[in-house]
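Below you'll find the structure, written out as structure tokens, and then a few comments.
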Ligand SMILES: Nc1nc2c(ncn2[C@@H]2O[C@H](COP(=O)(O)OP(=O)(O)OP(=O)(O)O)[C@@H](O)[C@H]2O)c(=O)[nH]1
Ligand SMILES: [Mg+2]
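In our numbering, the protein residues as written are 1052 to 1320.
Listed below in structure tokens is the structure:
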């Protein structure tokens, strides 16, 4: 990972603007604190992607907080392939000083933009969305983009797709848990059942109605996965609850947004 950081640092020297993508459902946990140091004073746009899956009220609160901190932030849905003009305009604003300086020298500058962020947040999807075509490989699992890739957009804009960058060590267990819920990292410590159980426990306090409607789950439930099994009829041949199947269903349905629009992190007041 130290090598990946060094590589990214070198690549960032080639660009005028960085788009940092995070996941709107877990804004704080999906921002790599190392990036701030790597980007230094490079103009940066924070794109809260997958906003179609996040709670819109919470996303608005994040936007207010970020903008109050002077961060150029946008909520985005790269999968919808709409609203690209707001991103292009933000790039234009961020690159304006350099473009103007070049203009004064009689040069029309090509703006180079790096798209950076933790795995699976939609970096390649954003590039395809801006390019209007499938130029970068996209898949719903972390670690899809392996090396940097330049994509040219018109005559004066180039975007660089980069591999998802994780922390050298994920020290905060809560952060690791939230990133495992969204699928940004593969949880190698917990079983699927433990992960789903933890997600359900989290949602019991924040989105109890959703759990009741979808899984008939009323908090506090001492064994929420059994409740999901009963509701869905997930039973093993001997009649025992098939909790692995229930766990996978819960995780898949949360990640696909089938539980509704859910944010797992809210800005601190
Ligand atoms: N619902 C929703 N899904 C999205 C959005 N953006 C990307 N996705 C999905 O998220 C998954 C990951 O997208 P990628 O573009 O491959 O993510 P990445 O950041 O390039 O991932 P790595 O290259 O592995 O680091 C894919 O299944 C995309 O279709 C979005 O705004 N909303
Ligand atoms: Mg990618």
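Cβ coordinates follow ideal geometry from the N, Cα and C atoms, glycine included. Keep in mind it's a predicted model, so treat the numbers as computed, not measured.
Contacts around residue i, its chain only, beta-carbon distance under 7 Å, and the 5 residues preceding and following it disregarded
i            : result
residue 1080 : 1226, 1229, 1230 and 1316
residue 1265 : 1310
residue 1323 : The chain is shown only over 1052 to 1320; residue 1323 falls outside these bounds and no answer can be derived.
residue 1203 : 1209
residue 1295 : 1243 and 1244
residue 1194 : 1170 and 1215
residue 1306 : 1233 and 1234
residue 1198 : 1214
residue 1141 : 1096, 1123 and 1125
Buried or exposed (CB count within 10 angstroms, at least 16 for buried), residue i
i            : result
residue 1061 : exposed
residue 1139 : exposed
residue 1039 : Any question about residue 1039 goes unanswered here, given that the chain covers just 1052 to 1320.
residue 1190 : exposed
residue 1263 : exposed
residue 1223 : exposed
residue 1206 : exposed
residue 1155 : exposed
residue 1303 : exposed
residue 1113 : buried
residue 1122 : exposed
residue 1319 : exposed
residue 1137 : exposed
residue 1184 : exposed
Own chain partners of residue i with C-beta closer than 6 Å, once the 5 adjacent residues on each side are dropped
i            : result
residue 1272 : 1278
residue 1094 : 1068 and 1145
residue 1255 : 1270
residue 1196 : 1175, 1212 and 1214
residue 1100 : 1072, 1127, 1129, 1172 and 1173
residue 1153 : 1160
residue 1232 : 1250
Close-in-space but distant-in-sequence residues of the same chain around residue i (CB under 8 Å, 5 per side omitted)
i            : result
residue 1292 : 1276, 1277, 1280, 1281, 1285 and 1286
residue 1252 : 1275
residue 1258 : 1310, 1311 and 1313
Beta-carbon separation (whole angstroms), residue i vs residue j, contact threshold 8 Å
i            : j            : result
residue 1178 : residue 1169 : About 16 Å; that fails the 8 Å criterion.
residue 1313 : residue 1076 : 6 Å
residue 1085 : residue 1125 : So it is not a contact: roughly 22 Å between Cβ atoms.
residue 1066 : residue 1186 : The Cβ separation is near 17 Å, so there is no contact.
residue 1131 : residue 1106 : That belief does not hold up - the Cβ atoms of residue 1131 and residue 1106 are roughly 17 Å apart, past 8 Å.
residue 1098 : residue 1135 : Incorrect: roughly 11 Å between the Cβ atoms, too far for contact.
- Pick out the complete beta strand (DSSP E) segments inside the region 1155–1191, 3 residues or longer, and give them in chain order. 1162–1168
- Message: At 4 residues or longer, what runs of the alpha helix (DSSP H) sit wholly inside the region 1188–1248?
- Response: 1224–1233
- Those runs of the alpha helix (DSSP H) which lie wholly inside the region 1066–1121 and span at least 4 residues: 1084–1090 and 1107–1119
- Item | Runs of alpha helix (DSSP H) wholly within the region 1263–1303 (minimum 4 residues, chain order) | 1275–1283
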